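Numbering (my numbering), first residue to last: 102 to 432.
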């Protein structure tokens with residue numbers, strides 16, 4: 102699928118981009134893999150792990166998705182784009198709203214335009230559970246981004262560019278996630294949690310890469326793909342990291358939910374359920390039993406269905422969380 106293809110990853114020096122790069126260089130033979138990001142230090146550090154002298158396909162391209170002209174230069178000759186660049190920290194987006202808008206919305210629009218202008222074959226944009234019924238600015242900007250990428254399939258017209266979105270929850274061990282934060286506080290003997298009832302969806306970086314690669318194969322354009330992933334309770338996570346630590350309840354921060362949603366009930370009427378994922382489609386005016394998108398064992402979601410972290414049917418145990426954390430430490 103990726104052999105002899107030119108692939109570009111925006112935000113390529115982030116947690117996902119690094120994991121995606123490792124997988125692609127290990128399992129495929131791309132003609133070129135372009136790491137597009139604005140941070141020269143992260144590019145330098147990544148180049149120590151994946152040097153161009155050893156990995157002939159890799160290229161490091163400094164640029165910002167806000168800069169449309171730079172994207173045009175980068176996208177020339179590209180076959181596949183993975184759009185992972187975003188401002189992701191909820192408090193930072195709350196206090197710097199225009200920065201979040203410029204990167205997450207206007208940057209997404211720039212990616213769409215460049216992909217269409219240069220006839221990119223496939224584009225997958227990474228999204229977040231916070232984009233479903235958003236209550237913070239980060240989630241709101243990512244919802245706008247999702248809408249832009251879905252609508253882009255109409256903009257491309259007779260051209261061949263297809264756009265889809267992958268939406269999932271918290272990523273184990275990603276930069277800025279709660280696990281490294283808790284680990285730093287272990288020595289103090291206390292762990293602050295926002296609310297003892299809080300739940301989140303959980304996925305590993307490798308699982309995220311697997312899902313994106315699978316969606317690259319199955320996408321037709323216009324889908325929001327949502328993996329079926331487990332939930333966890335914040336107290337179980339604290340127990341897995343530091344069972345002897347004292348728990349201090351700090352209260353929910355501005356823009357934070359008690360539970361997250363990946364597929365709201367208002368969207369589920371246009372969603373198809375498969376064995377290990379959901380595919381949310383643009384409204385098509387009906388739920389035909391003969392819809393070709395049901396191929397592969399799909400079924401329309403039940404009316405009123407809601408896929409949320411508190412009502413999920415799969416939960417991570419403390420032992421499973423410990424195993425995940427041990428895997429991070431040994432990676």
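For glycine and all other residues, C-beta sits at the position ideal for the given N, C-alpha and C. Computed from a prediction, not measured in an experiment: that's the story for all the values here.
What residues in its chain sit with their C-beta under 7 Å from that of residue i, if we drop five residues either side in the sequence?
{"i": "residue 261", "result": "220 and 222"}
{"i": "residue 353", "result": "295, 296 and 359"}
{"i": "residue 341", "result": "419, 422, 423 and 426"}
{"i": "residue 151", "result": "122, 126 and 159"}
Count the other CB atoms within 10 Å of the CB of residue i; is the residue buried (16 or more) or exposed (fewer)?
{"i": "residue 321", "result": "exposed"}
{"i": "residue 163", "result": "exposed"}
{"i": "residue 142", "result": "exposed"}
{"i": "residue 377", "result": "exposed"}
{"i": "residue 403", "result": "exposed"}
{"i": "residue 373", "result": "buried"}
{"i": "residue 192", "result": "exposed"}
{"i": "residue 390", "result": "exposed"}
{"i": "residue 288", "result": "exposed"}
How is the beta strand (DSSP E) around residue i delimited, first residue to last?
{"i": "residue 184", "result": "181-184"}
{"i": "residue 216", "result": "Counting along the chain, residue 216 falls outside any beta strand (DSSP E), though it belongs to the alpha helix (DSSP H) covering 208-218."}
{"i": "residue 279", "result": "Note, residue 279: premise wrong, no beta strand (DSSP E); alpha helix (DSSP H) at 279-286."}
{"i": "residue 191", "result": "No beta strand (DSSP E) holds residue 191; the alpha helix (DSSP H) holding it covers 191-196."}
{"i": "residue 364", "result": "362-364"}
Could you check the C-alpha separation between residue i and residue j for me, to the nearest Å?
{"i": "residue 325", "j": "residue 407", "result": "15 Å"}
{"i": "residue 224", "j": "residue 367", "result": "26 Å"}
{"i": "residue 346", "j": "residue 428", "result": "21 Å"}
{"i": "residue 212", "j": "residue 181", "result": "12 Å"}
{"i": "residue 344", "j": "residue 393", "result": "50 Å"}
{"i": "residue 251", "j": "residue 265", "result": "6 Å"}
{"i": "residue 217", "j": "residue 145", "result": "30 Å"}
{"i": "residue 138", "j": "residue 355", "result": "29 Å"}
{"i": "residue 114", "j": "residue 184", "result": "12 Å"}
{"i": "residue 415", "j": "residue 329", "result": "9 Å"}
{"i": "residue 246", "j": "residue 123", "result": "26 Å"}
{"i": "residue 357", "j": "residue 190", "result": "11 Å"}
The alpha helix (DSSP H) that contains residue i, what's its start and end?
{"i": "residue 412", "result": "From DSSP, residue 412 is part of no alpha helix (DSSP H); its letter is neither H nor E."}
{"i": "residue 227", "result": "Taken as a continuous stretch (DSSP letters only), residue 227 belongs to no alpha helix (DSSP H), being part of the beta strand (DSSP E) at 223-229."}
{"i": "residue 176", "result": "169-176"}
{"i": "residue 256", "result": "238-256"}
{"i": "residue 122", "result": "116-128"}
{"i": "residue 389", "result": "Residue 389 -> no alpha helix (DSSP H), and no H or E assigned at all."}
Got a sec? Which residues, its chain only, sit under 8 Å from residue i by beta carbon, not counting five neighbours each side?
{"i": "residue 131", "result": "103, 104, 105, 106, 107, 108, 125 and 158"}
{"i": "residue 417", "result": "303, 331, 332, 333, 337 and 425"}
Report the partner residues of residue i according to the DSSP bridge assignment.
{"i": "residue 378", "result": "328"}
{"i": "residue 154", "result": "Partner(s): none; residue 154 has no beta bridge."}
{"i": "residue 161", "result": "136"}
{"i": "residue 202", "result": "DSSP lists no partner for residue 202."}
{"i": "residue 269", "result": "229"}
{"i": "residue 302", "result": "332"}
{"i": "residue 350", "result": "294"}
{"i": "residue 372", "result": "381"}
{"i": "residue 111", "result": "137 and 184"}
Suppose the cutoff is 6 Å on Cβ atoms and the five residues either side in sequence are ignored; what does the same chain contact list for residue i look like?
{"i": "residue 323", "result": "251, 254 and 383"}
{"i": "residue 411", "result": "300 and 360"}
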